[in-house]
Amino acid sequence: MRLDDVDGTPVDTTVVDAASVNRIVQQAAAVGQRLWIRPADTPAP
Numbered sequence: 005m006r007l008d009d010v011d012g013t014p015v016d017t018t019v020v021d022a023a024s025v026n027r028i029v030q031q032a033a034a035v036g037q038r039l040w041i042r043p044a045d046t047p048a049p
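Basically the numbering used here = 1-based index in the sequence shown + 4.
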């Protein structure tokens with residue numbers, strides 16, 4: 005989940021495979037976005 009910069013509420017949810025997590029984290033870090041990473045409740049299709 006991407007979190008709002010002001011109050012930390014979730015603004016966008018994306019389910020990805022483990023191989024994509026590093027890319028998403030790097031992109032978020034480059035622009036200063038905060039993420040909440042957790043296992044999905046069900047496997048991604």
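The beta-carbon is built from N, C-alpha and C at its ideal position, and this holds for glycine as well. The structure presented is a predicted model; accordingly, all values stated were derived computationally and were not measured.
Confirm, please, whether the CB-CB distance from residue j to residue i is below 7 Å.
| i | j | result |
| --- | --- | --- |
| Arg6 | Asp16 | yes |
| Val19 | Ala44 | yes |
Any idea which residues DSSP pairs residue i with across the strands?
| i | result |
| --- | --- |
| Asp16 | Arg6 |
| Arg42 | BP columns for Arg42 are empty, so no partner. |
Between which two residues does the alpha helix (DSSP H) containing residue i stretch?
| i | result |
| --- | --- |
| Arg27 | Ala22 to Val35 |
For my contact list, residue i and residue j are in at a C-beta cut-off of 8 Å; report their separation, rounded to the angstrom.
| i | j | result |
| --- | --- | --- |
| Gly12 | Arg38 | 7 Å |
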